[in-house]
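Below is the structure:
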């Protein structure tokens, strides 16, 4: 497992009572593969010294090299960080943390037997005869309002079946907004054209390919409260179940 260390390394020295000495490190350097940057260490035995890594370190093994010390090179330390994809937790579509009235759409398809395919049904792994958001028009969108601005790093999409018919979105674009009024299209980081994400891959050899969730990473991430999914192509009819992935940010 590779870890991402975005923040701090606190360290402290120690006191040897028998000898009445106060060994502590005054400076050190880290060696994920021998960086040359020097960090200041402790000036007192019991006071914690914190150092921030910027840019952050990504690695599995971290080695600390004492460079200067008082009496003896003595250190106690802790790393703060997260897994490399640690900012990819579900934001509440499947769990219900995002409430029904915060999931809206441009329109809704009717159903003759089980009620309309409402946007509030667009939840990952939703069960039932009517278990997704659906409509069939090139100018449709599905919108999710988050409780606050989040760092959005991924999206999971899923199709559905109805009376034996397979329905799913093949490709889509994203838009985002801070106020739900003014929208920005998510673009490719290289040429700044609107980025088209895939909602279905034929190369997957799943037994039930239509309902198997497909994960798309969003890089660079989106920092926003409102997200719109704009279907661009689909099979049969626009039908989606989704989950947004991300985390809070400071």
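Numbering (the numbering used here), first residue to last: 1455 to 1704.
C-beta atoms are modelled at their ideal positions from N, C-alpha and C, and glycine is treated no differently.
Do you know how far the Cα of residue j is from the Cα of residue i?
{"i": "residue 1627", "j": "residue 1695", "result": "15 Å"}
{"i": "residue 1641", "j": "residue 1501", "result": "47 Å"}
{"i": "residue 1648", "j": "residue 1592", "result": "16 Å"}
{"i": "residue 1489", "j": "residue 1632", "result": "Unreliable placement is indicated for residue 1489, whose pLDDT of 49 sits below 50; the coordinate value is still reported in the next sentence. Rounded to whole angstroms, residue 1489 to residue 1632 spans 40 Å at the Cα level."}
{"i": "residue 1707", "j": "residue 1555", "result": "Because residue 1707 is not part of the residues shown, which for the chain are 1455 to 1704, the question remains open."}
{"i": "residue 1517", "j": "residue 1639", "result": "43 Å"}
{"i": "residue 1545", "j": "residue 1697", "result": "7 Å"}
{"i": "residue 1673", "j": "residue 1514", "result": "23 Å"}
{"i": "residue 1572", "j": "residue 1542", "result": "26 Å"}
{"i": "residue 1552", "j": "residue 1653", "result": "22 Å"}
{"i": "residue 1667", "j": "residue 1637", "result": "27 Å"}
{"i": "residue 1574", "j": "residue 1615", "result": "17 Å"}
{"i": "residue 1511", "j": "residue 1643", "result": "23 Å"}
{"i": "residue 1548", "j": "residue 1650", "result": "24 Å"}
Nearer than 7 Å: is that true of the beta carbon of residue i relative to any heavy atom of the ligand SAM?
{"i": "residue 1652", "result": "With respect to small molecules bound, the structure shown includes none, and the ligand SAM cannot be examined in it."}
Using the three-state DSSP reduction, which class does residue i fall into: helix, strand or coil?
{"i": "residue 1698", "result": "strand"}
{"i": "residue 1455", "result": "In this prediction, residue 1455 has a pLDDT of 37, which is less than 50 and means its spatial position is unreliable; what the coordinates show is noted afterwards. Looking at residue 1455 - three-state DSSP - the assignment turns out to be coil, as it is neither helix nor strand."}
{"i": "residue 1573", "result": "helix"}
{"i": "residue 1554", "result": "helix"}
{"i": "residue 1428", "result": "No statement about residue 1428 is possible, as the shown extent of the chain runs from 1455 to 1704 and does not include it."}
{"i": "residue 1597", "result": "strand"}
{"i": "residue 1693", "result": "strand"}
{"i": "residue 1491", "result": "coil"}
{"i": "residue 1652", "result": "strand"}
{"i": "residue 1560", "result": "coil"}
{"i": "residue 1531", "result": "strand"}
{"i": "residue 1646", "result": "coil"}
Kindly say whether residue i, judged by its beta-carbon, lies nearer than 8 Å to any beta-carbon of chain D.
{"i": "residue 1694", "result": "Note that chain D does not occur in the displayed structure, where there is just one protein chain."}
Which residue comes first and which comes last in the beta strand (DSSP E) that contains residue i?
{"i": "residue 1583", "result": "First-last for residue 1583: undefined, no H or E at that position."}
{"i": "residue 1514", "result": "Here residue 1514 belongs to no beta strand (DSSP E), and DSSP marks it neither H nor E."}
{"i": "residue 1521", "result": "1518–1524"}
{"i": "residue 1670", "result": "1668–1689"}
{"i": "residue 1505", "result": "1503–1506"}
Quiz item: With contact counted as at least three CB pairs below 8 Å, one residue from each stretch, are the region 1586–1605 and the region 1550–1562 in contact?
Solution: yes
Self-check item: Stretch-stretch touch, CB-based, cutoff 8 Å, three pairs: the region 1521–1534 with the region 1682–1689
Solution: no
Quiz prompt | Continuous beta strand (DSSP E) assignments of at least 3 residues falling wholly in the region 1599–1641 | solution = The region 1599–1641 contains these whole beta strand (DSSP E) runs: 1614–1616 and 1619–1631.
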